[in-house]
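Numbering follows the working numbering, with no gaps: position 435 of the sequence shown is 435.
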Amino acid sequence: MKSLLIKNGRIIHTNGHGDADILIQNDSIADMGKNLMIPEGTDILDATDQWVFPGVIDPHTHMGIPIKNGSSADTFATGSRSALHGGVTTILDFTVLESGQSLQQSLDTRIELAKASVCDVGLHVNITRFEPELLEEIPLLIKNGFTSFKVFTTYEEAGMMLDYNQIEAVASIIGEHGGVLMVHSEDNQVINEASAPYTEGVQTHPRFHGLSRPASAESVAVRTLGEISNRSNCTIYIVHLNTAEGLSIASQYPLLKVETCPHYLLLTDDVYEQPDGRMYVASPPLRKQADQDALWQGIQAGSIHTIGSDHCPFCLADKPKGRPFQDIPNGMGGVETLFPTLLAQFVKRGINLSLLVQLTSHNAAQIFGLRGQKGDLAPGCHADLLIVDPTNISNDWEKDLDTILDWNAYAGLPALFPSTVIRRGEIVISNWKTATRSQGVLLKSST
Ligand SMILES: [Zn+2]
Numbered sequence: 001m002k003s004l005l006i007k008n009g010r011i012i013h014t015n016g017h018g019d020a021d022i023l024i025q026n027d028s029i030a031d032m033g034k035n036l037m038i039p040e041g042t043d044i045l046d047a048t049d050q051w052v053f054p055g056v057i058d059p060h061t062h063m064g065i066p067i068k069n070g071s072s073a074d075t076f077a078t079g080s081r082s083a084l085h086g087g088v089t090t091i092l093d094f095t096v097l098e099s100g101q102s103l104q105q106s107l108d109t110r111i112e113l114a115k116a117s118v119c120d121v122g123l124h125v126n127i128t129r130f131e132p133e134l135l136e137e138i139p140l141l142i143k144n145g146f147t148s149f150k151v152f153t154t155y156e157e158a159g160m161m162l163d164y165n166q167i168e169a170v171a172s173i174i175g176e177h178g179g180v181l182m183v184h185s186e187d188n189q190v191i192n193e194a195s196a197p198y199t200e201g202v203q204t205h206p207r208f209h210g211l212s213r214p215a216s217a218e219s220v221a222v223r224t225l226g227e228i229s230n231r232s233n234c235t236i237y238i239v240h241l242n243t244a245e246g247l248s249i250a251s252q253y254p255l256l257k258v259e260t261c262p263h264y265l266l267l268t269d270d271v272y273e274q275p276d277g278r279m280y281v282a283s284p285p286l287r288k289q290a291d292q293d294a295l296w297q298g299i300q301a302g303s304i305h306t307i308g309s310d311h312c313p314f315c316l317a318d319k320p321k322g323r324p325f326q327d328i329p330n331g332m333g334g335v336e337t338l339f340p341t342l343l344a345q346f347v348k349r350g351i352n353l354s355l356l357v358q359l360t361s362h363n364a365a366q367i368f369g370l371r372g373q374k375g376d377l378a379p380g381c382h383a384d385l386l387i388v389d390p391t392n393i394s395n396d397w398e399k400d401l402d403t404i405l406d407w408n409a410y411a412g413l414p415a416l417f418p419s420t421v422i423r424r425g426e427i428v429i430s431n432w433k434t435a436t437r438s439q440g441v442l443l444k445s446s447t
């Protein structure tokens with residue numbers, strides 16, 4: 001049996017922290033505490049004066065998804081490699097429902113692609129068409145461990161939108177069977193009205209992207225979804241929430257879970273004025289400082305439950321200079337910088353690090369049925385963990401990324417990258433450098 005002891009680390013738990021040793025046997029945590037019984041031949045890793053966190057779960061990535069002319073720049077292979085370098089040991093990605101496919105077929109296609117991943121992968125099931133046969137598949141998928149589904153309140157032109165009545169019908173089925181409905185929450189009608197001035201193609205600067213998808217689109221959608229969650233008794237997970245008003249409305253509905261993203265916490269719409277402003281075109285767009293401040297307050301108040309990267313990266317050449325914002329592929333990378341940049345912010349702002357553990361691993365494990373496998377450092381859990389030297393905070397890390405991307409939205413911001421990352425007992429990052437990497441495992445929900 002392979003056996004590894006992490007010695008003298010400061011363990012950051014969801015509730016507080018404490019100094020303890022962690023004994024890993026094969027792919028799981030066997031024991032924790034002081035003066036553990038250590039089998040002969042155990043390797044020892046000294047973590048004195050270091051922080052030890054559970055492996056990060058990024059609940060929102062889009063590896064190699066099709067867009068109008070091509071796909072997002074990272075595949076499962078390259079994106080998961082980046083993920084590990086930033087301490088993300090599990091990604092939760094999405095299926096893509098191609099025309100004519102059943103939900104199961106869309107899942108099978110994506111499972112095949114996800115085999116290239118070197119971190120663990122779970123898959124949310126996209127429902128981008130409202131058809132009776134698709135809805136009939138939901139109970140069996142939930143029974144088989146695929147418990148989370150995603151719908152869109154917009155992207156009508158791309159044929160991906162469900163209207164609110166259709167979403168309620170889907171929510172009722174999912175609620176009845178104990179699953180979770182994730183929703184891209186921007187009201188389509190508000191977007192249509194706000195976009196009208198830009199359809200002529202005269203105002204094409206990236207700054208108009210934000211104006212074409214205003215904050216009020218989120219407020220309208222979140223309120224409607226809150227009412228749907230009450231009526232259908234279904235947990236609804238609002239992906240990439242980004243406005244002060246949206247958060248305030250979401251807090252009024254007990255069955256809504258709220259995810260935000262690093263870009264809304266670390267950047268504002270000022271970036272659209274920069275020479276590389278086009279690179280920040282993502283949906284929903286970046287917002288005002290007041291929105292960002294409200295999100296940080298929400299984090300401290302517990303009204304935000306998870307932080308996902310919404311990793312959908314593009315290289316500089318994918319978003320050519322001068323192209324109208326209407327034709328720029330939407331999305332930014334973030335899986336590799338998710339935890340290191342947030343950790344640095346938590347330190348800078350003096351926010352309890354246990355809260356960061358809740359937001360970046362524990363809560364996602366609870367919501368998506370991975371409790372007992374992921375999201376905690378405890379005996380029986382997978383040995384997914386990262387070790388961080390608190391003194392290693394730096395603004396100069398871009399050159400060290402393990403990425404194929406040639407542009408990073410967070411370059412120059414403070415970050416604290418893990419020196420060691422362990423996935424299922426295997427040291428995948430050692431001294432900030434990639435070590436061994438084996439194939440990731442497909443995750444199923446156990447609730
Ligand atoms: Zn997304």
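A virtual CB, placed ideally from N, CA and C, is assigned to each residue, including glycine.
Residue i, buried or exposed, once every other Cβ within 10 Å from all chains shown has been counted against 16
i	result
Lys374	buried
Gly380	exposed
Gln189	exposed
Val121	buried
Met453	Residue 453 lies beyond the stretch modelled for the chain, which goes from 1 to 447, so this question has no answer here.
Met1	exposed
Val151	buried
Gln358	buried
Pro329	buried
Asp49	exposed
Ala158	exposed
Gln292	buried
Val202	exposed
Asn165	exposed
Ile44	exposed
Asn126	buried
Pro59	buried
His184	buried
Glu137	buried
Leu385	buried
Three-state secondary structure assigned by DSSP to residue i
i	result
Ala20	strand
Thr243	coil
Leu295	helix
Arg81	helix
Arg213	coil
Met332	strand
Val347	helix
Asp108	helix
Pro451	Missing from the structure shown is residue 451; the chain here goes from 1 to 447 and no further.
Tyr253	coil
Arg371	strand
Ile12	strand
Arg323	coil
Beta-carbon proximity of residue i to residue j, cut-off 7 Å
i	j	result
Gly369	Ser445	yes
Asp310	His240	yes
Ser117	Phe146	no
Ala171	Leu162	no
Ser82	Glu336	yes
Pro262	Gly210	no
Trp407	Met279	yes
His85	Ser72	no
Arg207	Tyr272	yes
Thr14	Ser354	yes
Ala383	Ile11	no
Pro284	Asn242	yes
Asn395	Gly412	yes
Ser251	Ser303	yes
Val52	Gly87	no
Leu135	Ile174	no
Thr268	Leu286	yes
Ser106	Leu97	yes
Arg110	Leu123	yes
DSSP beta-bridge partners of residue i
i	result
Val121	Ile91 and Leu442
Pro66	Ser71
Gly33	Asp21
Ser309	According to DSSP, Ser309 bridges with nothing at all.
His382	Ser28
Arg423	Glu426
Glu531	With the chain running from 1 to 447 in the structure shown, residue 531 is simply not present.
Asp46	Lys7
Pro54	Leu385
Ala365	Note: Ala365 sits in no beta bridge, so no partner.
Ala435	In DSSP, Ala435 forms no bridge with anything.
Thr61	His311
Ser394	Ala415
Ile238	Val183 and Val258
- [ ] Pick out the complete beta strand (DSSP E) segments inside the region 115 to 194, 3 residues or longer, and give them in chain order.
- [x] 120 to 126, 148 to 152 and 180 to 184
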